[in-house]
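Everything on this sheet refers to the single structure shown next.
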Amino acid sequence: ETGVTQSPTHLIKTRGQQVTLRCSSQSGHNTVSWYQQALGQGPQFIFQYYREEENGRGNFPPRFSGLQFPNYSSELNVNALELDDSALYLCASSLPSGAQETQYFGPGTRLLVL
Amino acid sequence: AQTVTQSQPEMSVQEAETVTLSCTYDTSESDYYLFWYKQPPSRQMILVIRQEAYKQQNATENRFSVNFQKAAKSFSLKISDSQLGDAAMYFCAYRSARSGGSNYKLTFGKGTLLTVNP
Numbered sequence: 042e043t044g045v046t047q048s049p050t051h052l053i054k055t056r057g058q059q060v061t062l063r064c065s066s067q068s069g070h071n072t073v074s075w076y077q078q079a080l081g082q083g084p085q086f087i088f089q090y091y092r093e094e095e096n097g098r099g100n101f102p103p104r105f106s107g108l109q110f111p112n113y114s115s116e117l118n119v120n121a122l123e124l125d126d127s128a129l130y131l132c133a134s135s136l137p138s139g140a141q142e143t144q145y146f147g148p149g150t151r152l153l154v155l
Numbered sequence: 054a055q056t057v058t059q060s061q062p063e064m065s066v067q068e069a070e071t072v073t074l075s076c077t078y079d080t081s082e083s084d085y086y087l088f089w090y091k092q093p094p095s096r097q098m099i100l101v102i103r104q105e106a107y108k109q110q111n112a113t114e115n116r117f118s119v120n121f122q123k124a125a126k127s128f129s130l131k132i133s134d135s136q137l138g139d140a141a142m143y144f145c146a147y148r149s150a151r152s153g154g155s156n157y158k159l160t161f162g163k164g165t166l167l168t169v170n171p
């Protein structure tokens, strides 16, 4: 157990809908990263939040957005869902670079878009 | 951009024996971190071992050790005395040591599915 939690564990949505996924960081970690893992693939970096601001972004469209709250928990929002958004969404918490570079992952949210 | 390649989609090993999983990467940077993560069917990605590129000594964690060849850009994982609980998908990952922005991201390979036979 890493201490990182995510909710919900599973979710089914239809194309065009919006979804919000949640992540609670490991105690003491103030940086949260989100990854998308398609079936049979390695995780792909979506973005990272540090001190409530986006701190880096991968090759994902703007309909993928996020928030980080003062308690360091985080949300991933996806608008206008597409079939290809079906994947396992992982969040990972860490301390800022220079202190501890290792990212600790949550169990993920499995999203199915029909 | 950095890339990570795991050339073995699947591997199998007999319980109590040793297996080596391969990983190569491509980068123009001189300072970085390398990781092996394990993802069992429960889906939670678990850190197995990490290596700092500036360290010449190979990292070890109990039955897990790495062979880090910086010049060859190779980072293999050796699992000794394999146990049934080692069965999982193993991912090799790269992270830049640079500060700022997307440098903090992990770049993953496609994974190697390890089966442990009793």
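Respectively, the protein sequence lines represent chains L and Z. For the first sequence, the positions run 42 to 155 when the working numbering is used. For the second sequence, the positions run 54 to 171 when the working numbering is used. Where a beta carbon is used, it is the ideal one built from N, C-alpha and C, also for glycine. A quick note: this is a predicted structure, and the numbers were derived from the prediction, not measured.
Item: For residue 150 of chain Z, tell me which candidate among Z:105, Z:99, Z:56 has the shortest Cα-Cα distance.; Value: Z:105
Item: Can you name the residues of chain L whose CB is closer than 8 Å to the CB of residue 158 of chain Z?; Value: 74, 86, 89, 97, 99
Item: Once the 5 residues before and after residue 121 of chain Z are set aside, which same chain residues still bring their CB inside 6 Å of it?; Value: 104, 111, 128
Item: Can you pull the chain Z residues whose beta carbon is under 7 Å from the beta carbon of residue 144 of chain L, in chain order?; Value: 159
Item: Start and end of the beta strand (DSSP E) containing residue 90 of chain Z?; Value: 85-92
Item: Between residue 97 of chain Z and chain L, is there a C-beta pair that is closer than 8 Å?; Value: yes
Item: Could you check which residue in Z:66, Z:76, Z:90, Z:157 has the C-alpha nearest to that of residue 90 of chain L?; Value: Z:157
Item: Under 8 Å, do residue 70 of chain Z and residue 171 of chain Z count as touching if we go by C-beta distance?; Value: no
Item: Return the first residue and the last residue of the beta strand (DSSP E) that residue 170 of chain Z is part of.; Value: 165-170
Item: At the level of alpha carbons, what is the spacing between residue 140 of chain L and residue 67 of chain L?; Value: Summary for residue 140 of chain L: the model assigns pLDDT 43, below 50, so the residue's position carries little reliability; its value from the coordinates is reported in the next sentence. Going by the C-alpha atoms only, they are around 15 Å apart.
Item: Please report the distance separating the alpha-carbon of residue 164 of chain Z from that of residue 94 of chain L.; Value: 31 Å
Item: Are the C-beta atoms of residue 138 of chain Z and some chain L residue less than 8 Å apart?; Value: no
Item: Is it right to say residue 108 of chain Z is buried, meaning 16 or more other beta carbons lie within 10 angstroms of its own, or is it exposed?; Value: exposed
Item: Across which residues does DSSP place residue 128 of chain Z in a beta bridge pair?; Value: Z:121
Item: Note down, in chain order, each residue of its chain lying with its Cβ closer than 8 Å to the Cβ of residue 55 of chain L, except the 5 sequence neighbours on either side.; Value: 122, 154, 155
Item: Any C-beta of chain Z within less than 7 Å: which residues of the region 115-129 of chain L qualify?; Value: 129
Item: Touch check for the region 55-62 of chain Z and the region 72-80 of chain Z: three-plus C-beta pairs under 8 Å?; Value: yes
Item: Any heavy atom of the ligand ADP closer than 7 Å to the beta-carbon of residue 143 of chain L?; Value: Judged by which ligands are present, the structure shown has none, so any question about the ligand ADP falls away.
Item: With H, G and I counted as helix, E and B as strand and the rest as coil, what does DSSP make of residue 140 of chain L?; Value: Because the pLDDT at residue 140 of chain L is just 43, under 50, the model does not fix this residue reliably, and the value given afterwards should be weighed accordingly. Residue 140 of chain L falls in the coil class under three-state DSSP.
Item: How about residue 88 of chain L and residue 98 of chain L: are their beta carbons less than 8 Å apart?; Value: yes
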